[in-house]
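Let me begin by presenting the structure, written as structure tokens, before commenting on it.
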């Protein structure tokens with residue numbers, strides 16, 4: 001999209017005619033974010049690179065990122081997008097929400113564990129039931145104070161146990177973590193997890209299954225008599 005076409009009743013000389021005005025975008029907007037991109041919603045700006053935009057939703061003529069961040073637009077449910085400081089939505093009419101990707105020097109480092117940030121927010125999908133992971137002594141996270149990253153790690157650890165199907169997880173905005181007990185194929189969003197929040201899917205290139213212990217083969221080559229072994233010789 002090159003610009004935003006808007007119709008205004010100009011009314012020059014009292015003729016009342018309506019004319020089109022083409023507004024060129026203020027910044028260089030990528031047509032779509034690269035795969036596995038990071039969007040930091042705290043860096044969205046509107047009208048100027050120093051005027052923060054709390055909802056990350058602006059016309060092409062007014063859209064900016066804070067200095068040093070790369071500008072693009074993201075539609076809800078876009079795969080491969082990691083949101084920092086909360087996910088945004090509700091700007092579909094403008095072509096998607098503002099996505100401000102940090103420069104490489106500020107991007108979150110890759111985690112040594114394969115799936116620390118290997119999940120994507122999804123829309124239009126729901127699960128039939130959840131395990132409410134509120135008890136820290138049982139699940140390692142405490143309901144009401146769990147972070148998104150802690151929830152993802154806890155669901156990975158619980159996957160395959162107690163009915164937890166760890167291909168998805170539901171994170172409530174009030175800090176509660178939930179693991180689905182089904183494959184999340186209801187086809188519509190739900191709030192069965194309890195409170196409002198977001199359903200996430202672990203990325204396909206991440207193994208959300210618990211790692212199996214390595215198979216070990218132990219052999220004993222014993223020499224000498226039994227008496228020699230007991231004597232330590």
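In our numbering, the protein residues as written are 1 to 233. Don't be surprised by glycine CBs; every beta carbon is placed ideally from N, CA and C. Every value quoted in this text rests on a predicted model; they were computed, and no experiment measured them.
Identify the residues that DSSP records as bridge partners of residue 166: which are they?
None, per the DSSP bridge assignment.
Tell me whether the beta-carbon of residue 37 lies closer than 8 Å to the beta-carbon of residue 65.
no
Tell me the DSSP secondary structure of residue 126 in three-state form.
coil
Take the Cβ of residue 58 as the centre, count every other Cβ of all protein chains shown within 10 Å, and call the residue buried at 16 or more, exposed below.
buried
Could you name the residues of the same chain whose beta carbon sits closer than 6 Å to that of residue 175, not counting the 5 residues immediately before and after it, in chain order?
144, 145, 146
Could you give the distance in angstroms between the alpha-carbon of residue 178 and the alpha-carbon of residue 41?
24 Å
Could you tell me whether the stretch 127-139 touches the stretch 187-195, where touching means 3 or more Cβ pairs closer than 8 Å?
yes
Helix, strand or coil for residue 197, going by three-state DSSP, please let me know.
strand
Indicate the three-state DSSP secondary structure (helix, strand or coil) for residue 151 in the structure shown.
helix
Quick one: Cα of residue 158 to Cα of residue 182, how far?
14 Å
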